[in-house]
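Numbering (this note's numbering), first residue to last: 3 to 172.
Single-structure report; data block below.
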């Protein structure tokens, strides 16, 4: 059974609010993948999650470093951006498998750039444009992922014209 939730966010402020709700339900170890075209809000969502988890200093996009790691209290979070990956050998040099096997929350943008992530995600997130807003799809693949989606308060904005979340169990 796969749990799927779709949320339409009209603006960045609501995306930040949703990321905060989402982050409150995260526990390690957890692997989250984020797909979507450039500019759909993947980094914005992850940055808002990190802020909500208590990360205070600068939160850099890992576009050039490939990975940025953060620690807050007992929680370790790795944020990957694989957009620039040309060859999986680059990930081997980075120690990518070691990051994935750690007791951490791993957020991976552009997971389709490597076969290392295939079938491993707890939740596969897909972002797309929806008018001037964004459509965020959350697909829980594992029992851990399903528990996260069950925990999130999807009723964030009751004033939206569309039902903000369509949650299905398949």
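Even glycine gets a Cβ: it sits at the ideal position worked out from N, Cα and C.
Note that the structure is a prediction, hence the values are computed from the model and not measured.
Please list the terminal residues of the continuous alpha helix (DSSP H) segment that includes residue i.
i: residue 44; result: 44-54
i: residue 62; result: Where residue 62 is concerned, there is no enclosing alpha helix (DSSP H), given that its DSSP letter is neither H nor E.
i: residue 24; result: 14-25
i: residue 95; result: 90-96
i: residue 151; result: 145-153
Would you mind stating whether residue i and residue j have Cβ atoms separated by less than 9 Å?
i: residue 78; j: residue 106; result: yes
i: residue 7; j: residue 139; result: yes
i: residue 136; j: residue 29; result: no
i: residue 98; j: residue 116; result: yes
i: residue 12; j: residue 134; result: yes
i: residue 110; j: residue 33; result: yes
i: residue 96; j: residue 68; result: yes
i: residue 5; j: residue 152; result: yes
i: residue 18; j: residue 45; result: no
i: residue 91; j: residue 124; result: no
Please classify residue i: is it buried, with 16 or more other beta-carbons within 10 angstroms of its beta-carbon, or exposed?
i: residue 108; result: buried
i: residue 35; result: buried
i: residue 93; result: buried
i: residue 147; result: buried
i: residue 10; result: buried
i: residue 38; result: buried
i: residue 58; result: exposed
i: residue 101; result: buried
i: residue 70; result: buried
i: residue 20; result: buried
Can you give the beta carbon distance from residue i to residue j, rounded, assuming they're within the 8 Å contact cut?
i: residue 23; j: residue 155; result: 5 Å
Locate the beta strand (DSSP E) running through residue i, then write down its first and last residues.
i: residue 85; result: Where residue 85 is concerned, there is no enclosing beta strand (DSSP E), given that its DSSP letter is neither H nor E.
i: residue 1; result: Any property of residue 1 remains undetermined from this structure, which presents the chain solely from 3 to 172.
i: residue 73; result: 69-74
i: residue 5; result: 5-11
i: residue 114; result: Segment: none, residue 114 is in no beta strand (DSSP E) and carries neither H nor E.
i: residue 142; result: 135-142
i: residue 29; result: Careful: residue 29 lies outside any beta strand (DSSP E) and carries neither H nor E.
Contact between the stretch 67-85 and the stretch 143-152 (3+ Cβ pairs under 8 Å): The way I'd put it, the stretch 67-85 doesn't touch the stretch 143-152; fewer than three beta-carbon pairs between them come closer than 8 Å.
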